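If you're matching positions, the sequence shown starts at 3 in my numbering and goes up one per residue.
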Amino acid sequence: MSLDPVELLDILGNENRRRILQLLSFRPFYFNEMAKRLDVGPKAIIDHLEMLERAGLVECYQEQGRRKYFRIARKTVLEVSLSPHSYGVRAYLSEDAPGREDANPARDLKNLREELAGLEQKRLELRRLLEQIDSREMEIKRIACQAVQGYAENQLEAEILSALFCGDADASRLAEKLEMAEAVVADRLKQMKDRGAVHIADHKWSIR
């Protein structure tokens, strides 16, 4: 299933939808049960659930006759990266690990908590490593942003070069990112190509 990170970000911008997902992270719920727990009208809960279901975040199933229960569909990761020189939103599905043959539901809770604490420590170490990578990435983009000024003849060219520094793109995609008319961006790209600042291959522009 293809995930639209911008759509997911918009969906999760609603507090009640976030509360629904938080509630479902504990166990499946019947919609009327959710409405009472969250003190939100049943009609509003149904509308929120339908939107979450269309986005692939939750799913429903029947139990005890015709009663429908809702649960988290799958593990979904949404990442937002924001800095003075970049903006990005990414969403992806994280597959559940296969069940271990030695899994025992009667295992001591204390041992399980210790194992979980060990995993949390590893996650913290990984986060620190990612912070170091992000810090270096931002530094490179800051330097690149300054270097762009030496190649660009005006602000539009500087913005185009900054966008291309993050990855090759066609004129349509560049125009979308820069919130500008495609014809204006395409015309400027041709002028930059004539100067040797950029080049095009397979309909995608890149820094020369």
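We treat Cβ as the ideally placed atom computed from N, Cα and C, and that holds for glycine. All of these numbers come straight from a predicted model, not from anything done at the bench.
Which one of the options has the shortest CA to CA distance from residue i?
| i | options | result |
| --- | --- | --- |
| residue 82 | 75, 195, 136, 161 | 136 |
| residue 90 | 126, 140, 157, 184 | 140 |
| residue 32 | 19, 21, 20, 47 | 47 |
| residue 205 | 192, 198, 197 | 192 |
| residue 86 | 25, 93, 164 | 164 |
| residue 5 | 129, 21, 59 | 59 |
| residue 197 | 123, 155, 151 | 155 |
| residue 170 | 130, 65, 203 | 203 |
Are the CB atoms of residue i and residue j nearer to each other than 9 Å?
| i | j | result |
| --- | --- | --- |
| residue 30 | residue 71 | yes |
| residue 13 | residue 54 | yes |
| residue 207 | residue 173 | yes |
| residue 50 | residue 76 | no |
| residue 200 | residue 166 | yes |
| residue 162 | residue 144 | no |
| residue 96 | residue 168 | no |
What three-state label does DSSP hand residue i in the structure shown?
| i | result |
| --- | --- |
| residue 87 | coil |
| residue 27 | coil |
| residue 206 | strand |
| residue 75 | coil |
| residue 166 | helix |
| residue 57 | coil |
| residue 183 | coil |
| residue 8 | helix |
| residue 47 | helix |
| residue 199 | coil |
| residue 37 | helix |
| residue 136 | helix |
Since residue i contacts residue j with CB under 8 Å, what's their CB separation in whole angstroms?
| i | j | result |
| --- | --- | --- |
| residue 73 | residue 61 | 6 Å |
| residue 57 | residue 116 | Going by Cβ atoms, the distance from residue 57 to residue 116 rounds to 36 Å, so no, they are not a contact pair. |
| residue 7 | residue 84 | Between residue 84 and residue 7 the Cβ distance is about 13 Å, and since that is not below 8 Å, they are no contact. |
| residue 23 | residue 36 | Actually they do not touch by this definition, with Cβ atoms about 11 Å apart. |
With DSSP as the reference, identify every bridge partner of residue i, one or two as the case may be.
| i | result |
| --- | --- |
| residue 93 | 80 |
| residue 147 | Answer is none; residue 147 lacks a bridge partner. |
| residue 64 | 70 |
| residue 171 | 207 |
| residue 32 | 71 |
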